Amino acid sequence: GGGGGGGADARARAAYARGRALDAAAAYSAEAEADLSRAVKLAPDFVDAWCALGHCFWKKNDLNAARDCYEGARDRQPTPDALRALSVLCRSMPPK
10 GGGGGGGADA RARAAYARGR ALDAAAAYSA EAEADLSRAV KLAPDFVDAW
60 CALGHCFWKK NDLNAARDCY EGARDRQPTP DALRALSVLC RSMPPK
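Just so we're on the same page, this note's numbering is the position in the sequence shown counted from 1, plus 9.
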């Protein structure tokens with residue numbers, strides 16, 4: 010267990026920065042996914058991290074996980090980036 014404290018946000022931002030840097034490559038990066046997953050666990054309201062994680066899953070071709078991330082971002086704070094990504098992703102997904 011263990012409590013949180015103020016360090017979680019700083020750790021989340023560090024994990025996000027690392028994950029974004031790794032995700033900048035054209036190919037999917039499992040390391041980026043791990044860092045971005047850690048960022049959203051540490052700071053669940055970190056909308057940019059949710060969007061970045063969604064992008065990472067999208068490159069992995071895990072479209073359902075990507076949509077969950079973008080919807081999580083939208084539900085917390087409907088930023089233009091989150092809404093645009095969700096819209097493009099949903100259009101690219103096969104109909105159920």
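Positions of the beta carbon are idealized from the N, C-alpha and C atoms, including for glycine. Because the structure is a prediction, the values reported are computed rather than measured.
query: With DSSP run on the structure shown, which of helix, strand or coil describes residue 79?; result: helix
query: Assuming contact is defined by CB atoms lying nearer than 9 Å, are residue 85 and residue 59 in contact in what I supplied?; result: yes
query: Under the rule that 16 or more other beta-carbon atoms within 10 Å means buried, what is residue 97, buried or exposed?; result: exposed
query: How long is the line joining the alpha carbons of residue 41 and residue 102, rounded to whole angstroms?; result: 23 Å
query: Can you give me the Cβ contacts of residue 49 inside the same chain, cut-off strictly under 7 Å, excluding the 5 residues immediately before and after it?; result: 55, 58, 59 and 62
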